[in-house]
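K.L.:
With the first letter of the sequence shown counted as 1, position 9 gets the number 9 in this note's numbering; the numbers rise by one all the way through.
All residues carry an ideal CB built from backbone N, CA and C; glycine is no exception.
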Amino acid sequence: MVDSFDLDVNGARRRVESDPDRTLLSVLRDDLGLTGAKYGCGEGQCGACTVLLDGKAVRSCITRVGAAAGKAVTTIEGLAKEEKLHPVQEAFLAEGAMQCGYCVPGMILSACSLLSRIPQPTDEEIFRGMEGNICRCCAYGRMQAAVKRAAQGGRR
Ligand code: FES
């Protein structure tokens, strides 16, 4: 059943005409043209589709779009402000924390969620906070360093 509702996506109100049971990932990518969140497993297991819902990392491939109504959705496209990258994006660049890049939007948003909960995480807390995000190129060491760098204000 198609319904009409508003989503708050990256600070802008977006009107959506959709079955509320569709996935948030599908609506973001196919209806709103926000392709930063990626389709990986489609089962909530890999983290490629991670976005923030009211600041908390969620798997958009298993989140009903209807459940996002009235909440703030942040995708990778919404992190940079006025041409300035978000500190976590800067840290990923500084550490070269990517290989193919497919998992990176989800990794960065999971890192943002982690750092909002734990601003100065230990190595173990970074490991635990990011373990639901899979990188098939195995750039985990550099990603760990990037999260640490972001937590230290861009220094290492
Ligand atoms: Fe959503 Fe893998 S595509 S967790």
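1. Whose C-alpha, out of GLY33, PRO119 and GLY47, is nearest the C-alpha of GLY132?
2. What did DSSP end up calling LEU53 once you bin it into helix, strand or coil?
3. What is the rounded straight-line gap between the Cα of VAL73 and the Cα of LEU53?
4. Output the boundary residues of the beta strand (DSSP E) element that contains ARG13.
5. With DSSP as the reference, label ALA91 as helix, strand or coil.
6. Taking 6 Å as the limit between beta carbons, can you name the residues of its chain near GLY55, skipping five residues before and five after?
7. Leaving out five residues before and five after VAL16 in sequence, what residues of the same chain have Cβ atoms less than 8 Å from its Cβ?
8. Any heavy atom of the ligand FES closer than 7 Å to the beta-carbon of ALA139?
9. CB of CYS46 to nearest heavy atom of the ligand FES: below 7 Å?
10. Roughly how many whole angstroms lie between the Cα atoms of ALA150 and SER113?
11. Excluding the 5 residues flanking VAL58 on each side, which residues of the same chain have their C-beta closer than 6 Å to its C-beta?
12. Go to VAL147, then tell me how far its alpha helix (DSSP H) extends in each direction, as first and last residue.
13. On a CA-only basis, which of THR63, LYS38 and GLN120 is nearest VAL104? Give me that one, please.
14. Name the two residues that bound the continuous beta strand (DSSP E) containing LYS72.
P.N.:
Put simply:
1. Taking the Cα of GLY132 as reference, the smallest distance to any Cα among GLY33, PRO119 and GLY47 is reached at GLY47.
2. Strand, per DSSP.
3. In a straight line, the C-alpha of VAL73 is about 5 Å away from that of LEU53.
4. 12 to 18 is the span of the beta strand (DSSP E), which, as asked, contains ARG13.
5. Residue state, collapsed to three classes: helix.
6. The beta carbon of GLY55 sits closer than 6 Å to those of SER116, all from its chain and outside the five residues before and after it, given in chain order.
7. Excluding sequence neighbours, VAL16 sits near SER4, PHE5, ASP6, LEU7, VAL27, ASP31, LEU32 and VAL65.
8. Distances between the C-beta of ALA139 and the heavy atoms of the ligand FES are all 7 Å or more.
9. Within the cutoff, so yes.
10. Cα to Cα, the separation comes out at about 12 Å.
11. Cβ within range, chain order: n/a, list empty.
12. Following the DSSP letters along the chain, one finds VAL147 inside the alpha helix (DSSP H) bounded by residues 140 to 151.
13. Nearest of THR63, LYS38 and GLN120 to VAL104, Cα basis: LYS38.
14. Just to set this straight, residue 72 is Ala in the shown sequence, not Lys. Counting along the chain, the beta strand (DSSP E) containing ALA72 begins and ends at 72 to 74.
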